[in-house]
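Engineer: Taken in order, the sequence shown gives residues 280 to 584; the numbers are from the numbering used here. The structure's right below; bear with me while I get my questions together.
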Amino acid sequence: MDLIEEIKRLKKKKNALILAHLYQPAEIQDIADLVGDSYFLSKKAVQSSCDLIVFCGVRFMAESAKILSPNKKVLLPAEEAACPMADMALVSKIESLKRQYPKAKVVSYINTNIDVKAISDVCVTSSSALKIMGNIKSNEIIFVPDRNLGRYVAEHFPDKKFILYQGFCPTHERVKVADVLEQKNKYKNFKVLVHPECRKEVRDVADCVGSTSELIDYTVSSDAEGFIVVTEEGVIHQMKRKSPHKKFITLQNSMICSNMKMTDLHKVYDCLLNESNEIKLDESMRIKAYKALSNMHLLGDDNKK
Ligand code: 13P
Ligand code: SF4
Numbered sequence: 280m281d282l283i284e285e286i287k288r289l290k291k292k293k294n295a296l297i298l299a300h301l302y303q304p305a306e307i308q309d310i311a312d313l314v315g316d317s318y319f320l321s322k323k324a325v326q327s328s329c330d331l332i333v334f335c336g337v338r339f340m341a342e343s344a345k346i347l348s349p350n351k352k353v354l355l356p357a358e359e360a361a362c363p364m365a366d367m368a369l370v371s372k373i374e375s376l377k378r379q380y381p382k383a384k385v386v387s388y389i390n391t392n393i394d395v396k397a398i399s400d401v402c403v404t405s406s407s408a409l410k411i412m413g414n415i416k417s418n419e420i421i422f423v424p425d426r427n428l429g430r431y432v433a434e435h436f437p438d439k440k441f442i443l444y445q446g447f448c449p450t451h452e453r454v455k456v457a458d459v460l461e462q463k464n465k466y467k468n469f470k471v472l473v474h475p476e477c478r479k480e481v482r483d484v485a486d487c488v489g490s491t492s493e494l495i496d497y498t499v500s501s502d503a504e505g506f507i508v509v510t511e512e513g514v515i516h517q518m519k520r521k522s523p524h525k526k527f528i529t530l531q532n533s534m535i536c537s538n539m540k541m542t543d544l545h546k547v548y549d550c551l552l553n554e555s556n557e558i559k560l561d562e563s564m565r566i567k568a569y570k571a572l573s574n575m576h577l578l579g580d581d582n583k584k
């Protein structure tokens, strides 16, 4: 059986939409209808007229699509794909911060589980965080859970007080400046691209800091001959497609998110065929979480609230 042909056939028959995050394996990106960063995918999940969404990514992404579009059937091919950073954010700890800072707004990264979104005022993604923060009136912010993205955002808003939850992405956190400089010494003319989930010291040696799609856009518009890519290696697939004549170098210690790599063509096929691994949510929790995610679109799309 030709898996790719079967996936295409089933997709058409069931009027399904396949969404894939930029960290997904190359063959998954290639069969997806849309590939993009977290913000882009969350918007497309809402805008689509399809009844069935197959979300190739990790659980919080598929969950976010279901929170925003409760009438659609949302499937997660790799049922066990979680985000370790999202799992670091605990409701009890956030509630305690809220008691300590009663005037603060809780701003949570979209990389959170539904229980955390339910007690958040607004969600952000790495590509929308600065814009959204600029539209939040409160001067006190509890930022959950990524301390690195939180610090990056805080640097842009020196007039606001930030209380940073101490979570992190293991794939980005372990990068050391020395790892980047080692490659920079070998490839002197290459530009350094860094995701804001990396630590500040690593960001400080970057030519461009941005979300996955912002880094890709940079590689297209820059006239550099090559790039040192300091984020999950899945993004290189689209970078190469968009600029086949340019060079893309990873770090010596590869940056791979094992959860993102749990999706494969067999799982996508099975999931489409059997409509299995459906995301099911508690409705009262969903309604609370919906507020934070819809505020993200409201504040991220230039409609100030
Ligand atoms: P973005 O695609 O929004 O940059 O997200 C990165 C990420 O870590 C997703 O898990
Ligand atoms: Fe979570 Fe990091 Fe993997 Fe993204 S790359 S899903 S933040 S562990």
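Glycine included, C-beta positions come from ideal geometry on N, C-alpha and C.
Quick one: Cα of Tyr-388 to Cα of Leu-320, how far?
Structural biologist: Taking the first residue of the sequence shown as position 1, residue 388 is located at position 109. Taking the first residue of the sequence shown as position 1, residue 320 is located at position 41. Each residue's Cα considered, the two are about 15 angstroms apart.
Engineer: For Gly-579, count neighbouring C-beta atoms within 10 Å of its own C-beta (all shown protein chains included) and say buried if the count is 16 or more, exposed if not.
Structural biologist: Residue mapping note: residue 579 aligns to position 300 of the sequence shown, counting from 1. With 16 or more Cβ atoms within 10 Å of its Cβ, Gly-579 is classed as buried.
Engineer: Does any heavy atom of the ligand 13P sit closer than 7 angstroms to the C-beta of Cys-448?
Structural biologist: Position 169 of the sequence shown holds residue 448. Under cutoff, so the answer is yes.
Engineer: Have a look at Cys-329, Phe-334 and Ala-295 and flag the residue whose alpha-carbon is nearest the alpha-carbon of Gln-586.
Structural biologist: Residue 586 is absent from the model: the chain starts at 280 and stops at 584.
Engineer: Out of Glu-557, Leu-560, Gly-446 and Phe-441, state which residue places its alpha-carbon closest to the alpha-carbon of Ala-365.
Structural biologist: The residue labelled residue 365 in the question sits at position 86 within the sequence shown. Checked all of Glu-557, Leu-560, Gly-446 and Phe-441; the closest Cα to Ala-365 is Gly-446.
Engineer: Among Gln-303, Lys-396, Val-337 and Asn-538, whose alpha-carbon lies nearest the alpha-carbon of Ile-373?
Structural biologist: Within the sequence shown, numbered from 1, the residue matching residue 373 stands at position 94. Nearest C-alpha to Ile-373: Lys-396.
Engineer: Going by alpha carbons, who is nearest to Ala-503 out of Glu-511, Thr-510, Cys-487 and Ser-406?
Structural biologist: Position 224 of the sequence shown, counted from the start, is the residue given in the question as residue 503. When only C-alpha atoms are compared, the closest one is Cys-487.
Engineer: Beta-carbon within less than 7 angstroms of Cys-550's beta-carbon, same chain only, minus the 5 sequence neighbours each way: which residues are those?
Structural biologist: Numbered from its first residue, the sequence shown carries residue 550 at position 271. Around Cys-550: Val-333, Leu-354, Pro-356 and Asn-556.
Engineer: Using only CA atoms, which one of Ala-341, Ser-407, Leu-282 and Tyr-302 lies nearest to Leu-296?
Structural biologist: Position 17 of the sequence shown, counted from the start, is the residue given in the question as residue 296. Selected option, being the one with the closest Cα: Ala-341.
Engineer: Between Cys-335 and the ligand 13P, is the CB less than 7 angstroms from at least one heavy atom?
Structural biologist: What you label residue 335 is simply residue 56 of the sequence shown in a count that begins at 1. Answer for Cys-335: no, Cβ out of range of the ligand 13P.
Engineer: Tell me whether the beta-carbon of Gly-429 lies closer than 8 angstroms to the beta-carbon of Phe-422.
Structural biologist: As a working mapping, residue 429 is identified with position 150 in the sequence shown. As a working mapping, residue 422 is identified with position 143 in the sequence shown. Against a cut-off of 8 angstroms, the Cβ pair of Phe-422 and Gly-429 comes out as a contact.
Engineer: Using a Cβ distance threshold of 8 angstroms, determine whether the region 525 to 536 contacts the region 310 to 319, with at least three qualifying pairs required.
Structural biologist: These segments do not touch.
Engineer: Report the rounded CA-to-CA distance for Lys-567 versus Ile-398, giving the unit in angstroms.
Structural biologist: Taking the sequence shown and counting its residues from 1, one reaches residue 567 at position 288. Taking the sequence shown and counting its residues from 1, one reaches residue 398 at position 119. The alpha-carbon atoms of Lys-567 and Ile-398 are separated by roughly 7 angstroms.
Engineer: Determine the DSSP secondary structure at Tyr-380, reduced to helix, strand or coil.
Structural biologist: As a first step, residue 380 must be located in the sequence shown, where it is residue number 101. Three-state DSSP puts Tyr-380 in coil, outside helix and strand.
Engineer: Using the three-state DSSP reduction, which class does Lys-583 fall into: helix, strand or coil?
Structural biologist: As a first step, residue 583 is located in the sequence shown; it is residue number 304 there, counting from the start. Below a pLDDT of 50, predicted positions are generally treated as unreliable, and Lys-583, at 41, falls in that range; the measurement from the model is reported next regardless. DSSP places Lys-583 in coil when its eight states are reduced to three.
Engineer: Tell me, please, whether the region 453 to 472 touches the region 530 to 541 by the rule of three or more beta-carbon pairs shorter than 8 angstroms.
Structural biologist: yes
Engineer: Any idea if Glu-511 is buried or exposed, counting beta-carbon neighbours within 10 angstroms, 16 or more meaning buried?
Structural biologist: Taking the first residue of the sequence shown as 1, we reach residue 511 at position 232. The residue in question, Glu-511, is buried, as its Cβ has 16 or more Cβ neighbours within 10 Å.
Engineer: For Tyr-548 versus Ile-507, is the C-beta distance shorter than 8 angstroms?
Structural biologist: To locate residue 548, count along the sequence shown from 1; it is residue 269. To locate residue 507, count along the sequence shown from 1; it is residue 228. Between Tyr-548 and Ile-507, the CB-CB gap reaches or exceeds 8 angstroms.
Engineer: Count the other CB atoms, across all protein chains shown, that sit within 10 Å of the CB of Ala-305; report buried if there are 16 or more and exposed otherwise.
Structural biologist: In the sequence shown, residue 305 corresponds to position 26, counting from 1. Ala-305 comes out exposed.
Engineer: Measuring from each Cβ to the nearest heavy atom of the ligand 13P, keep the ones under 5 angstroms and list them in chain order.
Structural biologist: Asp-316, Ser-317, Thr-404, Ser-405, Ser-490 and Thr-491
Engineer: Could you check whether Asp-330 and Thr-404 sit closer than 8 angstroms to each other, using their CB atoms as the reference points?
Structural biologist: As a position in the sequence shown, residue 404 is number 125, starting the count at 1. As a position in the sequence shown, residue 330 is number 51, starting the count at 1. Their beta carbons are not under 8 angstroms apart, which means Thr-404 does not touch Asp-330 by this criterion.
Engineer: Which residue marks the beginning of the alpha helix (DSSP H) containing Gly-588, and which one marks its end?
Structural biologist: Coverage of the chain is limited to positions 280 through 584, which leaves residue 588 absent and any answer about it impossible.
Engineer: For Cys-477, name the three-state secondary structure that DSSP assigns.
Structural biologist: In the sequence shown, residue 477 corresponds to position 198, counting from 1. Looking at Cys-477 - three-state DSSP - the assignment turns out to be coil, as it is neither helix nor strand.
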